[in-house]
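Notes for the one structure printed next.
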Amino acid sequence: MSTFVFKTDETNYTPVSNVFIDKFMPKARGEFVKVYILGLKYCKSGELGVSSQVMASALHLLETDVLNAWNYWNDENVIKMIPADNMGNYNIDFLDLTDKETEKKNNINLLEELSKDSIKDMLEDIEKSMGRPLSSDEMTMYISWINDFNFSPEVILILVQYCTAKGKTNTRYIEKTALSWFDAKIKNVDDAQNFIKKREDRWSKIRKILNYLGIKDGEVMKPEEDLLSKWTETYNFPLEVIYKACNICFERINKADFKYIDGILSSWNKNKIRTLDDIKKKDVKKVPHNNFKNNTRNTRNKNSQSTFNNFKQRNYNFDDLEKKLLGWDKND
Numbered sequence: 001m002s003t004f005v006f007k008t009d010e011t012n013y014t015p016v017s018n019v020f021i022d023k024f025m026p027k028a029r030g031e032f033v034k035v036y037i038l039g040l041k042y043c044k045s046g047e048l049g050v051s052s053q054v055m056a057s058a059l060h061l062l063e064t065d066v067l068n069a070w071n072y073w074n075d076e077n078v079i080k081m082i083p084a085d086n087m088g089n090y091n092i093d094f095l096d097l098t099d100k101e102t103e104k105k106n107n108i109n110l111l112e113e114l115s116k117d118s119i120k121d122m123l124e125d126i127e128k129s130m131g132r133p134l135s136s137d138e139m140t141m142y143i144s145w146i147n148d149f150n151f152s153p154e155v156i157l158i159l160v161q162y163c164t165a166k167g168k169t170n171t172r173y174i175e176k177t178a179l180s181w182f183d184a185k186i187k188n189v190d191d192a193q194n195f196i197k198k199r200e201d202r203w204s205k206i207r208k209i210l211n212y213l214g215i216k217d218g219e220v221m222k223p224e225e226d227l228l229s230k231w232t233e234t235y236n237f238p239l240e241v242i243y244k245a246c247n248i249c250f251e252r253i254n255k256a257d258f259k260y261i262d263g264i265l266s267s268w269n270k271n272k273i274r275t276l277d278d279i280k281k282k283d284v285k286k287v288p289h290n291n292f293k294n295n296t297r298n299t300r301n302k303n304s305q306s307t308f309n310n311f312k313q314r315n316y317n318f319d320d321l322e323k324k325l326l327g328w329d330k331n332d
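According to full-length UniProt numbering, the sequence shown holds residues 1 to 332 in order.
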């Protein structure tokens, strides 16, 4: 069992650097991120030290996972991990990642990089795609992706052209796209083109559904986008079936409600209803509302007739009744 002693900086909250979130977290294993954040929390809350056993128990990990995580972050220069003794105990110092980012940029010699034809051509093509000159920070960012993400200059150019074609020229957006491509394990031009085609095919379907509902792309929030992806990819419904669910939603509540539509499609998926013909067959099995009323009315009439006919009828002498009413019976 190891003990990790933190260089403390007591606060009531746990600040996580944006540099960590943007640069280090996406490519790290989930358990490594957990260890880093929990360790940072202990550090910022004034905890002097914590054992690997306690951290492993808190995160439902093995003690070896905890130690591997600290070694990983040490190798990434996110922390400084120094052995405290020969018993497997360590001092952990959380480094200022802003300084590390600046140091990283300083390690890239722009003049040297620009002397390489492949880099120079890439940056010139990016400027043409962006329609403006690149700043030195932007140049450094694109060049850093070659080492950080293992992107070739051709992949980086395709990425930028993909973003600008969508009207997204913001550096922050392009950087996030690069991270998503790294997560998707894009290594070469073929990977990039296949990724774009698959994503565009997906969004082509989504746009058609949104147009059918009278909603613009920009008005869709992440939870709604997730539902649209579920209908088109997880359930793999054809568009006409999704349109039918939208129509039913309009008929019943007179508005487009994603959760209501999702309820309909989830029910169809559960009952293996895949086509418009399946929907028609399902509807035929239901008793129509008007027939239900007619059946009810006929049943009531039948019951009424049955009750009248079962009533025990009396036999009357109408001549005698007439005489009594007129008083003629007294004259006899």
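Each residue gets a CB set at the ideal place from its N, CA and C atoms; glycine is no exception. Note that the structure is predicted; figures quoted are calculated from it, not measured.
- Residue pairing from DSSP leaves Y235 without any beta-bridge partner.
- Excluding its 5 nearest sequence neighbours in each direction, F237 has C-beta neighbours in its own chain below 7 angstroms: W231 and L265, listed in chain order.
- Selection Y42, K34 and S2 evaluated against T14 yields Y42 as nearest (Cα-Cα).
- Proximity of the segment 176-191 to the segment 142-152 meets the contact definition, three or more beta-carbon pairs being nearer than 8 angstroms.
- Per the Cβ contact rule, the segment 121-129 is in contact with the segment 153-161 (3 or more Cβ pairs under 8 angstroms).
- Distances from the CA of D262 to each of N74, A245, Y162 and K255 were compared; the closest alpha carbon is that of A245.
- Inclusion of E112 and M139 in the CB contact set at 9 angstroms is not warranted, their separation being larger than that value.
- Ranked by how close their Cα comes to the Cα of D96, the residues A84, G88, K80 and N109 have K80 in first place.
- DSSP places N91 in the strand class (E or B) of the three-state scheme.
- With respect to L227, F250 sits apart: the two C-beta atoms are not nearer than 9 angstroms.
- Around the beta carbon of S52, 16 or more other beta carbons lie within 10 angstroms, which makes this residue buried.
- Counting only residues of its own chain and dropping the five nearest sequence neighbours on each side, I126 has a CB closer than 7 angstroms to the CB of L134, Y142, L157 and V160.
- Taking C-alpha positions only, L67 is separated from N89 by approximately 10 angstroms.
- Take the alpha-carbon of I248 and the one of P223: they are about 21 angstroms apart.
- Within the UniProt domain "DnaB/C C-terminal" (123-195), not a single complete beta strand (DSSP E) segment reaches 3 residues in length.
- Non-local C-beta neighbours of I196 in its own chain, meaning closer than 7 angstroms and more than five positions away in sequence, comprise Y162, ordered along the chain.
- In the structure shown, the three-state DSSP call for S51 is strand.
- Assignment of beta-bridge partners to P83 by DSSP yields Y90.
- In this structure M55 is buried. Its beta-carbon is surrounded by 16 or more other beta-carbon atoms within 10 angstroms.
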